[in-house]
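Colleague: Chains as they are written, first to last, in our numbering: chain E, 12 to 259; chain F, 638 to 883; chain W, 2 to 68.
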Amino acid sequence: MSLPGRPPGEQIPLVDAARSAKGAPWIVNAALVSLRRDLLLAARRRSEVLTALFFFVVVVSLFPLAIGPEPALLRRIGPGALWVAALLATLLGLPRLFAADHADGTLEQMALSPQPFALQMAGKVAAHWLLCGLPLVLLAPLLGLQFGLDGDAQGVLMLSLLIGTPLLSLIGAIGAALTLGVRGGGVLLSLLVLPLYIPALVFGAGSVEAEAAGLGVRGHLSVLGAMLALAVFFAPWATTAAVRVALE
Amino acid sequence: MTMKPLNTFHFASPATFYPLAGRLQPLFALLALALAAAGLYVGFFVAPTDAQQGEGYRIIFVHVPTSWMAMFLYCVMAFWAAVGLVFNTRLASMMASAIAPTGAMFALLSLLTGSLWGKPMWGTWWVWDARLTSTLILLFLYLGFLALQAAVDDPRRADKAGAILALVGVVNVPIIYFSVKWWNTLHQGASVSITKSSSMAQTMLLAMLLMALAFWMYSIAVALARVRNIILEREAHTEWVQHAMA
Amino acid sequence: MQWHSVGEFFAMGGYAPYVWGSVGATAVLMIVEPWLLRRQHRQIVHALRHRLRAEQNATQPTPRAQP
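1) With 16 as the cutoff for other CB atoms within 10 Å, does F/Phe682 come out buried or exposed?
2) Using a threshold of 8 Å, state whether the C-beta atoms of F/Pro702 and F/Met848 are closer than that.
3) Kindly indicate the opening and closing residues of the alpha helix (DSSP H) around F/Thr840.
4) Using the C-alpha atoms, what's the distance from E/Leu189 back to E/Ala253?
5) State the Cα-Cα distance for the pair E/Pro211 and E/Glu119, rounded to the nearest angstrom.
6) Mapping DSSP to helix, strand and coil, what is F/Gly691?
7) Excluding the 5 residues preceding and the 5 following F/Tyr855 in the sequence, name in chain order all residues of the same chain whose CB lies nearer than 6 Å to its CB.
8) Any chance you could list the beta strand (DSSP E) runs of at least 3 consecutive residues sitting entirely within the segment 144-200 of chain E, in chain order?
9) Which residues, in order along the segment 39-55 of chain W, keep a beta-carbon less than 7 Å from a beta-carbon of chain F?
10) Taking the C-alpha atoms as reference points, what is the distance between E/Ala240 and F/Val699?
11) Along chain F, in chain order, which residues have C-beta atoms closer than 8 Å to that of W/Gly22?
12) On a CA-only basis, which of E/Trp94, E/Leu102 and E/Asp49 is nearest E/Thr62? Give me that one, please.
13) If E/Val148 and E/Leu172 are in contact, beta carbons under 8 Å, what's the gap, nearest whole angstrom?
14) Of all the options E/Phe245, E/Gln126, E/Ala246 and E/Gly215, which has the alpha carbon lying nearest to the alpha carbon of E/His231?
15) Nearest to E/Trp140 by CA position, among E/Ala77, E/Leu179, E/Phe128 and E/Val198, is which residue?
16) With a 10 Å radius around its C-beta and 16 neighbouring C-beta atoms as the bar for buried, classify E/Ala151 as buried or exposed.
17) Which residues mark the beginning and the end of the alpha helix (DSSP H) in which F/Trp763 is found?
18) Given this structure, state the Cα-to-Cα distance separating F/Ala822 from F/Ala715, to the nearest angstrom.
19) Would E/Gly89 count as contacting chain F if we go by Cβ distances under 8 Å?
20) To which residues of the same chain is E/Gly192 closer than 7 Å at the C-beta, ignoring the five residues directly before and after it?
21) Could you tell me which whole beta strand (DSSP E) segments of length 3 or greater appear in the segment 763-789 of chain F?
22) Hey, F/Met758 and F/Gln662: beta-carbon distance below 8 Å or not?
23) Looking only at C-alpha atoms, which of F/Leu773, F/Pro738, F/Leu672 and F/Thr653 sits nearest to F/Arg863?
24) For E/Arg55, which of helix, strand or coil comes out of DSSP?
25) Is there a C-beta anywhere in chain E that falls below 8 Å from the one on F/Arg660?
26) How many Å lie between E/Leu199 and F/Ala787 at the Cα?
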């Protein structure tokens, strides 16, 4: 049986996915199943994932081109530029989070299934982070070299992105759910989500600056971690509510 | 003698609220005018000249009330949006949609008047002051809400999606304010604050409060007028509207 | 009262453009907004009445001329 809207090679009916994850504890099963499914689907569409990463690389390169190659200046703006680029790259991947599943009706099936819908959504968000956020964390040191960041700054940058990118995925998922199937979705999504990203940006980029200034980074990273903890608990609920509204 | 039970939901129907709003609106408009007259009088004729800022400080009599209103209206909007979401009523959601444009306008005015205050005092048209930056982000939140409601065609879906966004926003507003304050002190060392400190003359405070109340009454009057328009548009097919239009 | 003349009041100690610019912009927007709303109200009522009349005309049979 083929689902409409997707080429045959990209369909993973939920039943098959559920069967293969047998054995995991039930409550988390829904999230893991959803996560595995999204990762498998992305593996078959590698170009989409890589495009977002290339976007990150290109945007980061724009800042020195716009501002000039003076090393001291670049070292100052480096963390900020990398964080802004990470924000934009995350935004780029967000519309894909729900669009395909919504188009072929899988999202409705997920809502109707006995599995907790919020956990299935959490699995999708986790997949988004693994595909969009984690590569940014791994790429950042390489791009940090373009700005002449030293080892300590690179370390703090990676750590701040490691804590920050899941936060961005979680908040962004709410925006993606709200704009599901809406006209002008991508740009509208950016308008909705970017103001909510500002606290993460302030503390994320700020942590690297604090490191450069010799102040402790503990404060910044703790606040970032606290925001992540809050988001982990509350964002999936908001996302689920928004998806339900979109499915009505 | 038995008391008739108070039907608190009597006015939750657009049909009954429409005439009530029509009757209340002129009252609030008059209150707004009276309070504004009093506030402007106290602010411009009673309050003394400031020692540091000369006569230029008098901008706070419009700047601070507009900032307060922008913030306050966002919370009120989120409240009505939440009521509409929880009780699944149309009117509460319509009220939230009615408040949003006025809130955005006050946020914009706050930025404009803040800019006009900053130029003579600090020499630049924009200062990355914590309060101004937070108001800028608040304006973005308003614009996002308005854009989302405009983009969604189905009115009930627009109501609910807007409500979720408004609730997420209202939770984030304190977080955003805290972040911006932190960012501001981190990057400026000595706090460069555009807002007047607590050493304010009594008359100045009175004028500010009167103006804030005036703007509040104005917002209520405008929200009532706008919600009447929204009711007419969305309930156009109902019998009571057709009867009222005849 | 600290204003010794009308001119002094309008000059606002040299800050006139800023003070009156702020007060002016606020006043203008707070007049334009209700005016726009009133205009919108008139437009909606007009459109609804127009539509109502069109529906009534459509349901009423057109009178036939007497032979």
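Where a beta carbon is used, it is the ideal one built from N, C-alpha and C, also for glycine.
The structure displayed is predicted, hence computed values, not measured ones.
Modeller: Let me spell this out:
1) exposed
2) yes
3) Gln839 to Arg871
4) 5 Å
5) The sequence as given places Ala at residue 211 of chain E; Pro does not occur at that position. Taking the straight line from one Cα to the other gives about 32 Å.
6) strand
7) Ala669
8) none
9) Gln41, His42, Ile45, Val46, Leu49, Arg50 and Leu53
10) 40 Å
11) Near W/Gly22 (Cβ distances below 8 Å), the residues of chain F are Leu753.
12) That would be E/Leu102, whose Cα lies nearest to the Cα of E/Thr62.
13) Their Cβ separation, rounded to whole angstroms, is 5 Å, which keeps E/Val148 and E/Leu172 in contact under 8 Å.
14) Per the Cα distances, E/Gly215.
15) E/Leu179
16) buried
17) Element bounds for F/Trp763: n/a, residue is neither H nor E.
18) Going by the sequence as given, residue 822 of chain F is Thr instead of Ala. Computed Cα separation, rounded: 29 Å.
19) no
20) His113 and Ala257
21) Counting whole runs of 3 or more residues, the segment 763-789 of chain F contains no beta strand (DSSP E) stretch at all.
22) no
23) Checked all of F/Leu773, F/Pro738, F/Leu672 and F/Thr653; the closest Cα to F/Arg863 is F/Pro738.
24) coil
25) no
26) 10 Å
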